[in-house]
Each structure stands twice: as C-alpha cells, then as structure tokens.
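Visitor: All residue numbers for the sequence shown refer to our numbering, where the first residue is 1 and numbers rise by one.
Using N, Cα and C, we set each Cβ at its ideal position, and we do this for glycine too.
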Amino acid sequence: MKRDDRIPFSTRLRFESDDGRHVINGTTSDVSMSGAFLSSDELPADIKEGMEGVVFVEMSKGGNTFEVSFHCTIARVTPRGLGLNFENEFE
Numbered sequence: 001m002k003r004d005d006r007i008p009f010s011t012r013l014r015f016e017s018d019d020g021r022h023v024i025n026g027t028t029s030d031v032s033m034s035g036a037f038l039s040s041d042e043l044p045a046d047i048k049e050g051m052e053g054v055v056f057v058e059m060s061k062g063g064n065t066f067e068v069s070f071h072c073t074i075a076r077v078t079p080r081g082l083g084l085n086f087e088n089e090f091e
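1) With respect to the beta strand (DSSP E) encompassing arginine 76, which residues constitute its N-terminal and C-terminal limits?
2) According to the Cβ coordinates, are threonine 28 and phenylalanine 56 closer than 8 Å?
3) Quick one: using the 10 Å Cβ neighbour count with 16 as the cut-off for buried, is glycine 62 buried or exposed?
4) Across which residues does DSSP place methionine 51 in a beta bridge pair?
5) Assign phenylalanine 90 to one of two classes, buried (16 or more other C-beta atoms within 10 Å of its C-beta) or exposed (fewer than that).
6) What three-state label does DSSP hand leucine 38 in the structure shown?
7) Identify, in the order they occur along the chain, each residue of the same chain with its Cβ nearer than 8 Å to the Cβ of serine 69, setting aside the five sequence neighbours on each side.
8) Skipping 5 residues on each side, what residues in its chain have a beta carbon closer than 7 Å to that of glutamate 49?
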C-alpha cells in the first residue's frame with residue numbers, strides 16, 4: 001500500500017491538542033498511512049489548521065478494544081470535521 005492509498009476502516013477517533021485545550025471525539029470511515037478524516041459536528045470555534053496533537057484510533061480484536069495513537073497535525077478544518085496528517089516514524 002502506498003502512503004496515501006485510503007482503505008475502508010470505520011472506527012472512533014479522538015484528537016487531543018498538544019496545548020491541552022481541545023479534545024474532539026468523532027468517527028472515520030477510511031484511513032491511509034498518512035492520515036484520516038475525523039468526522040465531528042462538535043468542533044470548537046478556535047480549532048485551526050496547523051495545530052498539533054495526538055489522534056487516538058480505537059481498534060478491536062478478539063473482543064478486546066484498545067487504542068493506538070499517532071502524533072498528527074490538523075491539515076484542514078471543514079464544517080464536517082478535521083483532516084489529520086499522521087507524523088510517521090517509518091516514512
């Protein structure tokens with residue numbers, strides 16, 4: 001899979017800004033190696049492109065639910081949610 005190929009994957013996401021001011025819960029329907037779109041209708045008015053934080057991705061296996069996290073940057077803000085770019089160590 002190339003870095004930007006999107007794969008279908010529906011799950012819950014949570015973005016927490018590095019400054020500790022924002023926690024945004026939402027969902028996604030697809031992800032790529034470089035990012036995901038966090039759908040949410042509860043965006044704070046002061047959320048901005050370029051803000052950094054951590055995105056937590058909910059995963060399930062064998063009846064157990066856990067989270068994996070990635071440092072990320074908000075690449076775009078829309079009325080429907082946030083475009084997040086993951087900062088991968090393995091580029």
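Guide: Let me spell this out:
1) 64-78
2) no
3) exposed
4) For methionine 51, which the question treats as bridged, DSSP gives no partner whatsoever.
5) Residue placement at phenylalanine 90 is flagged as unreliable, the pLDDT there being 48, under the threshold of 50; a coordinate-derived value is accordingly withheld.
6) strand
7) Val54, Val55, Phe56, Val57
8) Ile74, Ala75, Arg76, Val77
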